[in-house]
Structures are given as structure tokens and as C-alpha cells.
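A.B. asks:
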Amino acid sequence: MPEQYQTLAEMKERYPNEWVLIGRPKLDRYQDVTGGHVLFHTADRLEMDRHMLALPDEACTPMMACRYMGEPVYPEVWDRPEFLDEDAELRQAQ
Amino acid sequence: MTAFDPKARRILVTVHVTGPRTTLDAMLLLDTGATTTLIRTSILLRTGLKLGPNSPQRRFRSATGSAMAPIVVAPQLLALGEARADFPVAAHDFPPAVTFDGLLGLDFLRGRLLTLDFARGRVGLRQPRTWRPWG
Chain R
1 MPEQYQTLAE
11 MKERYPNEWV
21 LIGRPKLDRY
31 QDVTGGHVLF
41 HTADRLEMDR
51 HMLALPDEAC
61 TPMMACRYMG
71 EPVYPEVWDR
81 PEFLDEDAEL
91 RQAQ
Chain U
1 MTAFDPKARR
11 ILVTVHVTGP
21 RTTLDAMLLL
31 DTGATTTLIR
41 TSILLRTGLK
51 LGPNSPQRRF
61 RSATGSAMAP
71 IVVAPQLLAL
81 GEARADFPVA
91 AHDFPPAVTF
101 DGLLGLDFLR
111 GRLLTLDFAR
121 GRVGLRQPRT
131 WRPWG
């Protein structure tokens, strides 16, 4: 049973540094999430992944949002995957 | 237009990924250094997109070596106020410590006018009216 509607600010206060799966998110004019119903929360991203995949379709809402309720964490050394056929792709785009 | 934190180290933007079963809203890093848009595998699967042994693959390299990434076609990707239908994205398992769900790459931006307003923290993408790539 999803919890009652909460604003994003309330979620950040209640679930600091956790991942939150939000059902029926409310969006502002910029299409950003301003609130919704918390379906699941955890500090462990892998647990969030497992939960999302195990969630039966009937428990899903037509739109959901996945958000981290903390300051964004970026890797110290950014290991961006690079596709090996990038040059061909760039030539095609030009 | 969408909002971003102009003081943050990176630009994170909201992206709506629509699959056959649901739409999932996730935060992606706007990355003009990435040619291809990558999204966390669990996000794509949750929307109902299928990944299997027969999915097309593209080879990529990272600091840990090279590997194959499956490519799936999302019925709709909405970001920066611009919707793209049948948009191919690469599925990737980002490290759990990373707190965003993918990279919005150059393939989403090509042929459009990207506006970054660091004064107001707004980023937008639109069809150019008179803009041409090389004048």
C-alpha cells in the first residue's frame, strides 16, 4: 500500500541519502518531480533495482520516478563508457 | 526547458523513459562527451523494455576494459522539453555508488538547439528555426 502524498522536500527529510521509488509523481511546469507517493525506499541501490524488477505490474502506477534523496554522488574518477565505433557515428552525423 | 542546479559539479536533468508497461522518470547526467545515451538497465527493464541474448549490441570500452552493451529502442524518451519516439539507448549497469541513472548523450542533442542558462539554472532543447550547423 503506497504511503500518502509527500512533497519531494518531505521525502528528502524522511529518507535522507536513500533511493526512493515514487508512484504517481506530481510534475511542475519543467516536468520535474515535486512530490508523489512513496512506493519503496532504501539506501542500497542494488536493493532498489531488485525491488523495481520484482514489482508486479498491478503494483505499478502509469508513471513512476526513481530519485536519490541526497546530494548527488559523482565518481572521483569518471569512467565513462566510450563506444568504439564513435568515429563512424560522428562521420555519419556530419 | 527544465531546471538544473547551476552550482553543481555536473548537470543532472529529468528524463521520462516510456516503455510498453510504464513511464519511469529518472535523473540523467547531461554529457556532451558521450556520443550515445546510456540508461541503467533496471530502469529500462522496469518500463517493460526487453533485453535478451538477441538484442543488438555495441562494443564500448571503459577503464576496466571493453564490453558489449545491449541496445534497446524506447518508444519514447522525453527530456529537456523534447520528446523522441523510438529512440535507441544503450543499457548499462552503473556502479551502485553513482546517484544518477544514466547519461543523456549527443545522440539526443544532435540537430537541435541546446540552451544552457547558468544564470537561472535552466536547460532546454528545441528545433532550430534558422540555425544551421556550420552557418
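Residue numbers (the numbering used here), protein chains in the order written: chain R, 1 to 94; chain U, 1 to 135. Glycine residues also receive a C-beta, built at the ideal position from the N, C-alpha and C atoms. Nothing here was measured: the structure is a model prediction, and the numbers come from that model.
1) Could you compute how far the alpha carbon of R:Pro81 sits from the alpha carbon of U:Gly65?
2) Note down the Cα distance separating U:Asp101 from U:Arg129, rounded to an integer number of angstroms.
3) U:Leu80 and U:Val13 look like a contact to me (Cβ under 8 Å); what is the Cβ gap, rounded to whole Å?
4) Along the region 19 to 33 of chain U, what residues have a CB closer than 9 Å to any CB found in chain R?
5) Would you list the residues sitting across from U:Ser66 in a DSSP beta bridge?
6) Consider the Cβ of R:Glu82: report whether some Cβ of chain U lies at a distance smaller than 9 Å.
7) Thinking C-alpha only, which one of U:Gly19, U:Ala34, U:Leu49, U:Arg9 is nearest R:Leu84?
8) Is the CB of R:Ala31 under 9 Å away from at least one CB in chain U?
9) With a threshold of 16 other CB atoms inside 10 Å of the CB of U:Asp117, please say whether the residue is buried or exposed.
10) State the Cα-Cα distance for the pair U:Asp86 and U:Ser42, rounded to the nearest angstrom.
11) What span of residues does the alpha helix (DSSP H) with U:Phe108 cover, start to end?
12) Who are the neighbours of U:Met1 on chain R, taking C-beta pairs under 7 Å?
13) For U:Thr18, which of U:Gln76, U:Phe60, U:Pro95 has the nearest alpha-carbon?
14) Output needed for U:Glu82: all residues of its chain with C-beta closer than 6 Å, excluding positions within five of it in sequence on either side, in chain order.
15) Could you name the residues of chain A that R:Leu53 contacts, counting a contact when the two beta carbons are closer than 7 Å?
16) Under the rule that 16 or more other beta-carbon atoms within 10 Å means buried, what is R:Met64, buried or exposed?
17) State the Cα-Cα distance for the pair U:Ala144 and R:His51, rounded to the nearest angstrom.
C.D. replies: According to the structure data:
1) Within the first sequence, the letter at position 81 stands for residue 81 of chain R. Within the second sequence, the letter at position 65 stands for residue 65 of chain U. Those two C-alpha atoms are separated by around 10 Å.
2) Locating residue 101 of chain U in the second sequence gives position 101, where the first residue counts as 1. Locating residue 129 of chain U in the second sequence gives position 129, where the first residue counts as 1. Their backbone Cα atoms lie some 32 Å apart in a straight line.
3) Taking the second sequence and counting its residues from 1, the one referred to as residue 80 of chain U is at position 80. Taking the second sequence and counting its residues from 1, the one referred to as residue 13 of chain U is at position 13. Between U:Val13 and U:Leu80 the Cβ distance is about 6 Å, and since that is below 8 Å, they are a contact.
4) Arg21, Thr22, Thr23, Leu24, Asp25, Ala26, Met27, Leu29, Asp31, Gly33
5) Looking up residue 66 of chain U in the second sequence gives position 66. Bridge partners of U:Ser66: U:Arg61.
6) Locating residue 82 of chain R in the first sequence gives position 82, counting from the first residue. It does; some Cβ of chain U falls within 9 Å.
7) Your numbering for residue 84 of chain R matches position 84 in the first sequence. Taking only the C-alpha atoms, the option nearest R:Leu84 is U:Ala34.
8) Looking up residue 31 of chain R in the first sequence gives position 31. The residue you asked about is not Ala; residue 31 of chain R is Gln in the sequence shown. Yes, because at least one Cβ of chain U sits closer than 9 Å to the Cβ of R:Gln31.
9) To locate residue 117 of chain U, count along the second sequence from 1; it is residue 117. Exposed, by the Cβ-count rule.
10) What you label residue 86 of chain U is simply residue 86 of the second sequence in a count that begins at 1. What you label residue 42 of chain U is simply residue 42 of the second sequence in a count that begins at 1. Computed Cα separation, rounded: 19 Å.
11) Sequence index remark: in the second sequence, residue 108 of chain U carries index 108 (1-based). U:Phe108 -> alpha helix (DSSP H) spans 106 to 109.
12) Numbered from 1 along the second sequence, position 1 holds the residue referred to as residue 1 of chain U. Near U:Met1 (Cβ distances below 7 Å), the residues of chain R are Tyr30.
13) On the second sequence, residue 18 of chain U is found 18 positions in, with the first residue counted as 1. It is U:Gln76 whose Cα lies nearest to the Cα of U:Thr18.
14) Along the second sequence, one-based indexing puts residue 82 of chain U at 82. The answer, listed in chain order, is Leu125.
15) In the structure shown, chain A cannot be found, because the protein chains are R and U.
16) As a working mapping, residue 64 of chain R is identified with position 64 in the first sequence. Buried.
17) Chain U is shown only over 1 to 135; residue 144 of chain U falls outside these bounds and no answer can be derived.
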